[in-house]
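Some notes on the structure that comes next.
Protein chains in written order, with the numbering used here: chain V, 8 to 119; chain C, 4 to 115.
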């Protein structure tokens, strides 16, 4: 049973436009959410996180939105750049646990 | 500050053998987590160690084990290797609860 789902395996956008990556979760006990970016042959790199007490967190070009009632979060990248092309993973944790539950990832391609 | 390092980076083993992977966390980080990444299952949590004690455990068979040393370095061991153990094994370290987990580059294990 997948507790964290990224339903779009891939996404393609034009440089300069907005990229929106989506993530759904089923476990209402999750209270901390993160986004990681991963290039081939490298480990995941932390991008941005959000606690369940917030509904938005922004860091430069990256903004994460959390809709607790819908158990949905999204990552917005504005403007998208070719260097953003990578696989993006959504992850969730509960109760201060270090155990992260990951989605299966969305491959983002930003075309010049 | 040096990042998380993992050795070896690549490994080829045959079925039935055992393997030990090593992870050195970021200096000052006391929590080390291990994850397995496969194309079919994505990133899955194996276990987490803090101050030489296993604090969390994922749903993997007993063939997967780990330990942490007093300097926070960690090892994971897989005994009686199976073809399905072929994967990228990632290690992540963190300062503490609700702090960001930083990942190493991973060890790619191929079981023949």
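Just so it is clear, CB atoms sit at the ideal spot from N, CA and C, and this is done for glycine as well. Just so we're clear, the structure is a prediction, and the values are computed from it rather than from any experiment.
Separation of the CB atoms of residue 93/V and residue 37/V is rounded to 24 Å, and the pair is thereby denied contact status at 8 Å.
Residues of the region 46-70 of chain V with a Cβ closer than 9 Å to any Cβ of chain C, in chain order: 48, 49, 50, 51, 52, 53, 56 and 58. Here residue 39/V has 58 and 100 as same chain residues with Cβ atoms under 6 Å from its own Cβ, once five neighbours each way along the sequence are excluded. By the criterion of a C-beta distance shorter than 8 Å, residue 17/V is surrounded in its chain by 113, 114, 115 and 116, once the five residues flanking it on both sides are discounted.
Within the region 62-88 of chain C, no residue places its CB atom closer than 7 Å to a CB of chain V. The beta carbon of residue 51/V lies closer than 8 Å to those of 43, 44, 45 and 96 in the same chain, with the five residues before and after it left out.
Residue pairing by DSSP places residue 105/C opposite 96/C in a beta bridge. In the structure shown, residue 86/C falls within a helical segment according to DSSP collapsed to helix, strand and coil. At a cut-off of 8 Å between beta-carbon atoms, residue 19/C makes no contact with chain V. Under DSSP, residue 59/C forms a beta bridge with 51/C.
Inclusion of residue 95/C and residue 7/C in the CB contact set at 8 Å is warranted, their separation being smaller than that value. In the structure shown, residue 66/V adopts extended strand secondary structure according to DSSP, grouped into three states. In summary, residue 51/C is buried, with 16 or more beta-carbon neighbours lying within 10 Å of its beta-carbon over all protein chains present.
Per DSSP, residue 19/V is one residue of the beta strand (DSSP E) stretching across 17-21.
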